[in-house]
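A short worksheet on the structure shown next.
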Amino acid sequence: MSNRCERAKRPIPYISAATHVLRVDGLVHRPLDLSPHQLRTEFPQHTVTCALQCAGNRRHTMRTLLKEVDGIDWRDGAVMNARWRGPRLRDVLSRAGVSLDDEEERRRAHVAFACFQTKCQDDGWYGGSIALERGMSVEAEVILALDMNDKPLPPSHGFPVRALAPGIAGARSVKWLDRITVQLAESQNYYQQHDYKILPPQATSRELAKKYWPLCPSIQGMPVNSVVCVPTTGDTVVVVAPPARGEKPRVEVRGYALPAGDHGPIVKVEVSADDGRTWTPATLTRGEGAGNWAWTLWRAEVALPPGEGRRVVSRATDRGGNVQSESAEWNFRGVAYNGWGEARGLNVVVAAAGTNGHGCVEENGGGSLMRNVGNTERTVAGH
Ligand SMILES: Nc1nc2c(c(=O)[nH]1)N[C@H]1C(S)=C(S)[C@@H](COP(=O)(O)O)O[C@H]1N2
Ligand SMILES: [Mo]
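In UniProt numbering, the protein residues as written are 1 to 383.
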């Protein structure tokens, strides 16, 4: 896995669950020190399937379609989807007893997550925060994840415990969690204060950005999105079955879609082979038990004329009615890009039957869906 947080803090901390202690403090009546074992045995365990997306997912598209940005060149795969399990944050905070009695203060308070295990590229530790209201909400399903896909978290994903905030940019799901603090301000960590924000277009350099960091809100929810995974830009798409006379070959297009913040699930994905003039609805698939936070996998067949320079685009709609636009506004850090999903420069070739092509209409299930992002179960994620 190439992953900036790993590169920034090499080596990945290998923590002993037997000695690890999670501190819960700040504006609480009873600060707690909890072992992973206590987190597993003393609180009800909650399971949630959710996509974890880096705010910089698709930065490459923003950089190539719009203008150069500052950040790791993530393509369409800085995202993963998994089943997570652990105690609810609200149960742990309730045991500690949030000591904010003032309604108004409660509303603007935050829960800060911190990891002190290793230094980061731009700070001596890693941290992020979410609104206390979100942390305490049953519907938001924020958990302290101990398991990923029914096994203890792998070290690279935060063993022995990580925060897991569904519907929120991955940056707040702090791995290798050392401390949870209820506080009135957001996390003061670099990655909450000076990164993962959508800066206005006039912030065009690091120097100019300095003025805007304190003025812009930190990214919490991410926008609705969809990505074309198969075929991928530049692919030769071999269509095995020759089309009937006068018909264009039909090409299979597949990808994933993500709802905006709390507005899941995805209710519609459409694919266009004529730059958005006409749209074909895709078939949607979500894994078993996947609620509103999971990604939706989709598949459609569209007619594309044989030849070079062909393009397919995708457009997703979520339950909240959020629809992807053709493009997104440029921002210096290249975050939250959600223009139409796209595969460009396709070469559509009609082959004689019996040829083994890929990205074609044959139903052999072969080829990985996430060919341009990694494997299907989970894919590369990072900053
Ligand atoms: N301790 C710690 N937690 C972290 C990070 C980090 O660098 N250090 N990176 C964050 C970011 S930016 C993202 S996108 C997700 C990635 O999660 P994953 O590596 O499990 O895919 O973890 C978040 N949690
Ligand atoms: Mo990230």
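We treat Cβ as the ideally placed atom computed from N, Cα and C, and that holds for glycine. All values derive from a computational prediction rather than experimental measurement.
Spatial distance of residue i from residue j (CA atoms)
i           : j      : result
Trp298      : Pro305 : 22 Å
Gly359      : Val227 : Since pLDDT at Gly359 reaches only 39, below the 50 mark, its modelled position is unreliable, and no value is offered.
Gly307      : Glu141 : 48 Å
Pro166      : Pro249 : 40 Å
Glu103      : Ala112 : 19 Å
Pro223      : Ala203 : 21 Å
Arg319      : Arg254 : 21 Å
residue 463 : Asp262 : Past the boundaries of the shown model lies residue 463; the chain is included only from 1 to 383, so the question cannot be answered.
Gly233      : Gly170 : Checking the displayed sequence, the identity of residue 233 turns out to be Thr instead of Gly. Roughly 26 Å separates the two Cα atoms.
Arg311      : Phe116 : 46 Å
Met80       : Ile198 : 22 Å
Arg206      : Gly71  : 11 Å
Glu329      : Asn225 : 14 Å
Gly357      : Val237 : Low confidence applies here, because Gly357 scores a pLDDT of 45, under 50, leaving its location unreliable; read the following figure in that light. Taking the straight line joining both Cα atoms gives about 7 Å.
Asp33       : His60  : 42 Å
Val138      : Leu93  : 13 Å
Cys120      : Thr280 : 45 Å
Cys290      : Thr296 : Note that residue 290 is Ala in the sequence shown here, rather than Cys. Spanning the two alpha carbons is a distance of roughly 9 Å.
Gly221      : Ala260 : 7 Å
Asp235      : Pro201 : 33 Å
Val349      : Pro243 : 11 Å
Gly135      : Ala17  : 24 Å
Ser35       : Cys50  : 25 Å
Phe159      : Ile130 : 21 Å
Arg95       : Ile143 : 14 Å
Glu362      : Val240 : Its pLDDT being 32, under 50, Glu362 is placed unreliably by the model, and nothing is read from it.
Leu39       : Ala78  : 29 Å
Proximity test, residue i beta-carbon vs ligand 2 heavy atom, cut-off 7 Å
i      : result
Cys54  : yes
Ala171 : yes
Residues bridged to residue i [DSSP beta-bridge criterion]
i      : result
Ser173 : BP columns for Ser173 are empty, so no partner.
Gly341 : Ser314
Ser129 : Ala112
Asp76  : None, per the DSSP bridge assignment.
Met148 : Trp84, Lys151
Ala257 : Ser226, Thr296
Arg40  : In the DSSP output, where bridge partners are listed per residue, Arg40 has none listed.
Thr181 : Asp25, Ala112
Cys50  : Ala82
Glu301 : Glu252
Val350 : Val239
Ser16  : Ser16 pairs with nothing; no bridge assigned.
Any non-hydrogen atom of ligand 1 closer than 7 Å to residue i Cβ
i      : result
Val174 : yes
Ser129 : no
Gly124 : no
Cys120 : yes
Cys50  : no
Gly261 : no
Ser156 : yes
Met222 : no
Cys115 : yes
Met80  : yes
The region 49 to 68 in contact with the region 323 to 341 per 3-pair CB rule at 8 Å: yes
Validate contact between the region 93 to 104 and the region 26 to 40 using beta carbons, cut 8 Å, 3 pairs: yes
Stretch-stretch touch, CB-based, cutoff 8 Å, three pairs: the region 81 to 89 with the region 320 to 328: By the criterion of at least three beta-carbon pairs nearer than 8 Å, the region 81 to 89 is not in contact with the region 320 to 328.
Inter-stretch contact (C-beta, 8 Å, three-pair minimum) for the region 211 to 221 and the region 151 to 158: no
Stretch pair the region 255 to 274 + the region 283 to 302: three plus CB contacts closer than 8 Å: Yes: the two stretches touch, three or more of their Cβ pairs being nearer than 8 Å.
Any 3 or more C-beta pairs closer than 8 Å across the region 110 to 125 and the region 176 to 190: yes
At least three beta-carbon pairs within less than 8 Å, the region 87 to 94 to the region 42 to 52: Yes: at least three Cβ pairs fall under 8 Å.
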